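Visitor: After the structure tokens below, expect a handful of questions from me.
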Amino acid sequence: MTVLYTVGGAAALAYLFTRLKTRLELSMAKHRSLTGHARMARRIASLIPFYDYGEDQFFRSDDAPADIAGRRRDSLTRLSQLWGQRFGQTIATTRQATAGISDLQFTAAYRVPFQFSRVVRQHLPTGSFLASSSGVTVTDLDGNVFYDLTGSYGVNLFGHDFYKDCIDRGAERVRDLGPVLGAYHPAVADNVVRLREISGLDEVSFHMSGTEAVMQAVRLARYHTGRSHLVRFCGAYHGWWGDVQPGIGNPMPANATYTLSEMSERTLHVLRRRRDIACVLVNPLQALHPNAPAPADSSLVDSGRQAGFNRQAYAEWLKKLRGVCDERGIVLIFDEVFVGFRLAQGGAKDYFGVQPDLITYGKTLGGGLPVGVLCGRSALMKRSRADHPVDVCFARGTFNAHPYVMGAMSEFLHRLESPEIQDMYRDLDRTWNSRTDRLNSRLHAANLPVRVENLSSIWTICYTRPSRYNWMLQYYLRIEGLALSWVGTGRLIFSLNFSEADFDAVADRFVAACEAMQRDGWWWTGATMTNRSIKRRILREMWTHRHILTANRNRPVAQTTVA
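Just add 2 to wherever you are in the sequence shown, counting from 1, and you've got my numbering.
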């Protein structure tokens, strides 16, 4: 009996040791940041108190001297007056609509770090309505013309006029059938042929958004592997549904998701060891800023934003990942909803030389209309089992393969092969790398603390001098006639039809905006200021305000006696 107890105890200890070792390996494969630790990030987010700066502290949050604070105050007053003169109708319409549109309420509050938001909204309210588009420009309700650097969140790859035409001609193509759902328009068959050629995969399913396409990819991977967990990489975005957004932004924990560090040997080790991983999701956009989330100005509290693209290194990483997935029977999914057709006509698989098992597309593929598409190997796309007919993987949507969307998609896919579009793809990297280098040379020569990093025609603006006010640049860029998305300077997206003259005009305005911001004192830097000292100061502010809130909450309320 003693021997049995001894053997049983040893077995239990061995089992416990193995479990602890596996758990430690998983923990070590996470990125050493809050973005890499989703549960911890959610807990910390729930502890951060709201507070904001009054007008005096707004201009001196970095302990700038009085003369610098005065220049900043004067510049904000000038900008505010100019804002009202130029954008009055657009702002008024936005203000009227905001009360009934929750998205506008959110974006208005989160364009800048929350401590500054109230004062910014008071002086520089941003309009969210446009009247028209043409070429590489958009026009607001006041008649202001802007060079469009928003890219319509990735949709606008070939220019506004291209998509207007795709929609018009696509509608003509399917008008006789109209919005009949369930049966397919013949354009669907043509689209499938072209998508199979582009993706290098066997089968296609149509969805209503990129998020839905990714949901279906993960569901099919789980169905066919019989495994529970998906792997996403730190910072990557794959839509807003729960399993791929396990941290801040999701009110519920994602219990079947592993968030691991990208370009990490420890991650490859975990993939080799664990038996519960169904699939790995890759968003090729992360090649510009591995393991970091989308660089919005709302989180731009210092100058720590980093980006940089190394095509060879990222391709090598994807090849290693492909090899491990093959070894372990893990489904490799490329989420090309955002970058599909931007890096190359064949997408990221051609650009990096790696063939995934499943690919999701969306955005630009719809020819200007909303769409999601999943392409995959036949064995993974099946939604039922021949030997178990009731065991199915169901996924449908009323508007999947809508005739008008399919018509616009058909126009897009046909035009993708036209000589005009072929010219845009020719020397694509060289063109955009050269443009980036030229602008960076001008910024450096003018001693401006700004640098641009790019993944082809996708840009991120980085800052080279410690500052708490980098987020102000988005407003200087707008006053110079450059339209940015609500995330600000973190992501500028050019359509490929920008000519050299168009780009030179953008560069001129960009440099002018930076020079004005520097003259107005926003990039003043104290002798001892560092990114670390800025973050420490913000932490002290948060601690102080949380302590005040806790004290106020625990303060006894005086009782009132009613006679």
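Just so you know, even glycine gets a beta-carbon here, dropped at the ideal spot from N, CA and C. Being a predicted model, the structure only gives us computed values, none of them experimental.
1) Can you grab the Cα-Cα spacing for the pair A514 / V216, in whole Å?
2) List the DSSP bridge partners of C377.
3) If I'm right that F496 touches L151 with Cβ under 8 Å, what's the distance once you round it to whole angstroms?
4) For H125, which of I93, G102, L106 has the nearest alpha-carbon?
5) Name the residue from R330, V140, G374 whose alpha carbon lies nearest to the alpha carbon of H240.
6) What residue range does the alpha helix (DSSP H) around T568 cover?
7) Measure the beta-carbon distance from D304 to R470 and round it to whole angstroms, keeping in mind my assumption that it falls under 8 Å.
8) By the three-class DSSP mapping on this structure, what secondary structure does T562 have?
9) Locate the alpha helix (DSSP H) running through C168, then write down its first and last residues.
10) Kindly list the residues whose CB is nearer than 8 Å to the CB of Q561, restricted to its own chain and excluding five residues on each side of it in sequence; keep chain order.
11) Using a Cβ-Cβ cutoff of less than 8 Å, which residues in the same chain neighbour T563 once the five nearest sequence positions on both sides are dropped?
12) Quick check on the burial criterion: 16 or more other C-beta atoms within 10 angstroms. Buried or exposed for P67?
13) For L262, which residues does DSSP report across the bridge?
14) Which residues mark the beginning and the end of the beta strand (DSSP E) in which F636 is found?
15) Short check: CB of F52 to CB of F118, under 8 Å?
16) Measuring only the C-alpha atoms, how far is A296 from Y155?
17) On the DSSP letters alone, give me the boundaries of the alpha helix (DSSP H) that C327 sits inside.
18) To the nearest whole angstrom, what separates the beta carbons of D299 and V114, a pair I think is in contact under 8 Å?
19) For R313, tell me which candidate among N293, M519, F354, D76 has the shortest Cα-Cα distance.
20) Mapping DSSP to helix, strand and coil, what is V407?
21) For I550 and N556, what's the separation of their Cα atoms in angstroms?
22) Quick one: give me the first and last residue of the alpha helix (DSSP H) that N435 is part of.
23) How would you write the range of the alpha helix (DSSP H) that S201 sits in, first residue to last?
24) Tell me whether the segment 220-235 and the segment 256-269 touch, counting them as touching only if at least three CB pairs, one residue from each stretch, are closer than 8 Å.
Guide: According to the structure data:
1) For the purposes of this step, residue 514 is identified with residue 512 of the sequence shown, where counting begins at 1. For the purposes of this step, residue 216 is identified with residue 214 of the sequence shown, where counting begins at 1. Near 41 Å, if we compare the C-alpha coordinates of V216 and A514.
2) The count along the sequence shown starts at 1 and reaches residue 377 at position 375. Note: C377 sits in a beta bridge opposite V206, I361.
3) Along the sequence shown, one-based indexing puts residue 496 at 494. Along the sequence shown, one-based indexing puts residue 151 at 149. With a beta-carbon spacing of about 7 Å, F496 and L151 fall inside the 8 Å limit used to define contacts.
4) As a position in the sequence shown, residue 125 is number 123, starting the count at 1. Measuring from the Cα of H125, the nearest candidate turns out to be I93.
5) Here residue 240 refers to the residue found at position 238 when the sequence shown is read from its first residue. For H240, the nearest C-alpha among the options comes from G374.
6) Residue coverage of the chain in this structure runs from 3 to 565, which leaves residue 568 outside it and unanswerable.
7) The sequence position of residue 304 within the sequence shown is 302, counting from 1. The sequence position of residue 470 within the sequence shown is 468, counting from 1. Correct: roughly 7 Å between the Cβ atoms.
8) Position 560 of the sequence shown, counting from 1, holds the residue named residue 562. Bear in mind that a pLDDT of 36 at T562, under 50, signals an unreliable position, so the number given afterwards is only what the model happens to contain. Three-state DSSP puts T562 in coil, outside helix and strand.
9) Numbered from its first residue, the sequence shown carries residue 168 at position 166. Taken as a continuous stretch (DSSP letters only), the alpha helix (DSSP H) holding C168 covers 162-176.
10) As a working mapping, residue 561 is identified with position 559 in the sequence shown. The predicted model places Q561 with a pLDDT of 45, which falls under 50 and marks its position as unreliable; any figure quoted below should be read in that light. So no residue of the chain qualifies.
11) The sequence position of residue 563 within the sequence shown is 561, counting from 1. Only weak support is given to the placement of T563: the predicted model assigns it a pLDDT of 34, under 50, and the question is left unresolved by the model.
12) As a working mapping, residue 67 is identified with position 65 in the sequence shown. For P67, the number of other beta carbons within 10 angstroms of its own is below 16, and it is reported as exposed.
13) For the purposes of this step, residue 262 is identified with residue 260 of the sequence shown, where counting begins at 1. Bridge partners of L262: F235.
14) Since the first and last residues shown for the chain are 3 and 565, residue 636 lies out of range.
15) On the sequence shown, residue 52 is found 50 positions in, with the first residue counted as 1. On the sequence shown, residue 118 is found 116 positions in, with the first residue counted as 1. Annotated as distal: F52 and F118, with beta-carbon spacing of 8 Å or more.
16) Residue numbering aside, residue 296 sits at position 294 when the sequence shown is read from its first letter. Residue numbering aside, residue 155 sits at position 153 when the sequence shown is read from its first letter. So the alpha carbons of these two residues sit roughly 12 Å apart.
17) For the purposes of this step, residue 327 is identified with residue 325 of the sequence shown, where counting begins at 1. Judged by DSSP secondary structure, C327 falls within the alpha helix (DSSP H) whose first and last residues are 313-330.
18) Position 297 of the sequence shown holds residue 299. Position 112 of the sequence shown holds residue 114. Contact flag correct, Cβ pair sits at about 6 Å.
19) The residue you call residue 313 lines up with position 311 of the sequence shown. When each option's Cα is compared against that of R313, the closest is F354.
20) In the sequence shown, residue 407 corresponds to position 405, counting from 1. Reduced to three states, the DSSP call for V407 is helix.
21) Numbered from its first residue, the sequence shown carries residue 550 at position 548. Numbered from its first residue, the sequence shown carries residue 556 at position 554. Rounded to whole angstroms, I550 to N556 spans 10 Å at the Cα level.
22) The count along the sequence shown starts at 1 and reaches residue 435 at position 433. In this chain, the alpha helix (DSSP H) harbouring N435 covers 430-447.
23) The residue labelled residue 201 in the question sits at position 199 within the sequence shown. From DSSP, the alpha helix (DSSP H) with S201 extends over 189-201.
24) Short answer: they touch.
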